[in-house]
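Letter by letter, the sequence shown follows residues -15 to -1, 1 to 526 of mature numbering (1 follows the signal peptide of the UniProt record, and there is no 0). Even glycine gets a Cβ: it sits at the ideal position worked out from N, Cα and C. These figures come from a predicted structure and were not determined experimentally. Below is one structure; the comments refer to it alone.
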Amino acid sequence: MLQTILLSLTATVSAIVIWNRLSQQKVQDDVPFLPGPTSDSFFTGNMHTLAAAPSDAAAISYTKTYGGIVKLNGILGVSKHVLLISDPAALRRLFGASTGQWDLSSRNLASFKSLFGPGVSAVEGADHIRQRRVIAQALTPVQTRGMIDSVQDASQSMRRMLNKSCPGTKPVQLDMLHWARRVALDSLTMFAFGVSLHAMEKPEHAHDLMHTFDSMLEDCIGKTSEMQYFLRETAVAGIYPSLLGIAITDMQFFRSMMGTTKRLAQFSEWVRKEREEMGSLGGGSDLLSLLYKANQAESAKYKLEDDEIRALIGMVLFAGHDTVSTTLAMFLNDMARYPTVQQRLRQEINAKRAEIGGDDVKFSQDDYDSMPYLNAVLKESMRMNPVLGQTFRTNRAADVLPLSEPILCTDGKMRSEIAVAEGTLVVIDIVGSNLREDVWGKDAREFRAERWLESEEKVAPREKTPGMVYGSVLNFLAGNRTCPGWRIAVLELQSFICDIVEGFKISAVPGNGEIVREFHGVSIPKVRSEKPRGCEQFIDI
C-alpha cells in the first residue's frame, strides 16, 4: 500500500513539474523578474514559511527586504510564483478593478463552500452580486443601529460576570480571550439570529457549537509539518484528489473542519426551528429577520435560496465571532501594555457618562462615535493587530498592476508597473499595508493612537492607501469582498471596550510572558510561555 502511494506521488510530482514548465513557456509576464527570496523548499517554495511563522514574521521580513511587491516561490503544482503585495497603488488596482477580475481563488471558494455551503463567501460573479445586494439591504447604517440593544445586553452581562470573578480589591488573573469569545458569541447570536446561547452566564447549558471554534482554530494554528502542509494545499486545490484521503488520515485539521461543517449546518437548522416556534422569523430587528424581509421584497431574479440563507448563517457565526473576540483580546493586551493610554480612555468614557446623565442611561451609537480617543485607540489597535494577516486573490484575466514607486527588477530594468498573467496568485499583505512607513510615518511600527487625532496635513500620506471602509486599515478588506458586517463589528467593540475599561483596571500578569499573535489563516493571541494558550491579564476593580 505504501509503495503504491509513493509511486503515485512520484508520478504526480513529475507530471506537475512538466506542466509547470510548459505553462511558463506559453505565458510571459513581469512576475519572474520581481525581487524576492530564494525558495525554501522544492515542495512548498516559500509558502510554508509564510504560513508557519508566528506573528506574521515572514511576511514582515519579506516586505522589509524586498518592498511592497515581492515574488514568492509557490507550492508545487498550485502556483509557480506568488505575489506578496502591500504597495498602495497595486492594492488600489486589486480592490478597484472591475467586479470579478481579481477575486478569491478557486481553492478559497471551494474551501468556503465545503465549510459553509453556497453562501456569499463561496460564490463569485452574478451569484456574489445577488447575495451581497440582499445582505446590504439588511445591514444599512439605520438597521445596524437597531441592533444596539442586543449588543449592549451581552456587554452588560459580561460586566456582571467579570464583577463576580473579581469580588475583592486584589487583582485577579483572567484569560481574557476566553471571556472575549463568550461575549462575542452571545452578542452575535442575539443581534444576528434573535436567539441566545447563554455563553456568558450559563456556559454549561450553551449550545455545543460554543466549543467548536476553539478546537478548530487551535487545530488550524497547531504546528504543521511541511509535508502535511503540502498535502493539504494540493488536496484542497484539487491537484490530486486522492491525496485528500492521505491528508484527512494524517491531519487533525481536516477532521476538525468536517466536524465544524456538520455543527454549523446543525446550528443553522436549530436557529430556523427556534425562530419558527417563536413565530418571529422575519418579524424582528435581528439580522436574520431583516434578511428574510429583504429577500421577500426582492424580485425572483435576486431572491436567495434557502440553502444560501443557511450558508449565510454559518458564515456570519464563524467570521463574526472570531474576528471580534480576537480583536477585543488584543485591544485589552494593548491597554495592559500602555497604562497611560488606558487611563486617558477611561477619563473620556467617564466624562461621556457624566454628560449623558449617569449609569442609568445607556450609550447611544452617537455617543460611541463622539468619543474621539475611544475610536482612535480602537483603530490603532486594529492597525497593529489585524486578525486576518493576509488574504488571497487571483486574476481572471491578464492585468497590469501600477506601483507607488518604481522598483529595480532582477533583469536590471526599473518598472513602475507590473504585467501579470491570468491566473496569478496574490497574497494581499494586510499586516504590511497597515505598517507601511510611507503611509503611516516613520513610527508606523509603534502604537500611537494620537496619529488618528492629528491635523489633515500630517495624515495626508494616507491618501495613498486604497479606499477602505474603516480608518484606512485593511482589517475589513475593501472592494467587492469588503466585510458586510463591519459596522456592527465596530459597534460591538465600542460597547465591550467601554464596559470593560470603565469598570476595571487592566494590567499584565507579572512573569507570564509576552503575548504574541500566532498566524495560520487567522491570528490568535497566545502567551509566549509554557502555558497552554490564552491572552491573560490582571483585571483590577
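Quick one: what's got a C-beta closer than 6 Å to Asn460's C-beta in the same chain, skipping five residues either side? Met367, Pro371
Report yes if the CB atom of Leu94 is closer than 8 Å to the CB atom of Ala107, and no otherwise. yes
Sequence-distant residues of the same chain with beta carbon closer than 6 Å to Gly53, five excluded per side: Only residues of its own chain outside the window of five on either side were considered, and among them Ser71, Asp72 have a CB closer than 6 Å to the CB of Gly53, listed in chain order.
With a threshold of 16 other CB atoms inside 10 Å of the CB of Gln375, please say whether the residue is buried or exposed. buried
Distance, Glu340 Cα to Ile482 Cα: 18 Å
Excluding the 5 residues flanking Glu422 on each side, which residues of the same chain have their C-beta closer than 7 Å to its C-beta? Ala429
Considering only residues of the region 149 to 183, which uninterrupted alpha helix (DSSP H) runs meet the minimum length of 4 residues and lie entirely inside it, listed in chain order? 161 to 178
Distance between Lys278 and Asp291 (C-alpha atoms, nearest Å): 14 Å
Proximity of Gly59 and Thr219 at Cβ, strictly below 8 Å: no
Please return the same chain residues whose Cβ sits closer than 6 Å to the Cβ of Ala474, not counting the five positions on each side in sequence. Val309
Between which residues of its own chain and Ala382 is the CB-CB distance below 7 Å, once the five residues before and five after are set aside? Gln86, Glu407
Integer Cβ distance of Phe28 from Phe215, believed to fall under 8 Å: 5 Å
By alpha-carbon positions, which one of Lys364, Lys56, Gln141 ends up nearest to Val405? Nearest of Lys364, Lys56, Gln141 to Val405, Cα basis: Lys56.
Using three-state DSSP, classify Gly30 as helix, strand or coil. coil
Whole-Å CB distance - Val168 paired with Ala139, under 8 Å assumed: 5 Å
Close Cβ partners of Ser508 (< 7 Å) along its chain, the five nearest in sequence each way excluded: Thr311, Val372, Gly374, Arg502
Spatially closest choice to Met320 from Leu438, Leu100, Glu487, by CA coordinates: When each option's Cα is compared against that of Met320, the closest is Glu487.
Beta strand (DSSP E) containing Thr311: first to last residue? Segment 291 to 322 is the alpha helix (DSSP H) holding Thr311; no beta strand (DSSP E) there.
Nearest-angstrom beta carbon gap, Leu476 and Leu363 [assumed within contact, 8 Å]: Not quite, the Cβ-Cβ distance comes to about 11 Å (not below 8 Å), so this is no contact.
Flag this pair as yes or no: are the beta carbons of Gly426 and Thr48 separated by less than 8 Å? no
What separation, rounded to the nearest whole angstrom, lies between the Cα atoms of Ser135 and Thr129? Looking at the two C-alpha atoms, the distance is approximately 11 Å.
Quick check on the burial criterion: 16 or more other C-beta atoms within 10 angstroms. Buried or exposed for Gln332? exposed
Rounded to whole angstroms, what's the CA-CA distance from Lys288 to Thr23? Just pull it up for me. 49 Å
The beta strand (DSSP E) spanning Ser284 covers which residue range? Premise fails: Ser284 is in no beta strand (DSSP E) and is neither H nor E.
Hey, would you say Leu410 sits closer than 8 Å to Val67, going by beta carbons? It is a contact, given that the beta carbons lie within the stated cut-off.
My assumption, with CB atoms under 8 Å, is that Ile413 sits in contact with Asp15. Please give the rounded CB distance. With a Cβ gap of about 19 Å, Ile413 and Asp15 do not count as contacting.
Can you grab the Cα-Cα spacing for the pair Ala296 / Glu211, in whole Å? 32 Å
Could you give the C-beta distance for Met146 and Met185, rounded to a whole number, given that I count them as a contact under 8 Å? 6 Å
Name the one or two DSSP bridge partners that Leu124 has. Paired residue(s): none; Leu124 is not in a bridge.
With DSSP run on the structure shown, which of helix, strand or coil describes Arg502? strand
Does the Cβ-Cβ distance between Pro510 and Asn335 come in under 8 Å? no
Give every residue of the same chain whose Cβ lies closer than 6 Å to the Cβ of Ala361, excluding the five residues on either side of it in the sequence, and list them in chain order. Ala434, Trp437, Leu438
Grouping DSSP H, G and I as helix and E and B as strand, with all else coil, what is Lys187? coil
Cα-Cα separation between Arg338 and Pro152, rounded to whole angstroms: 24 Å
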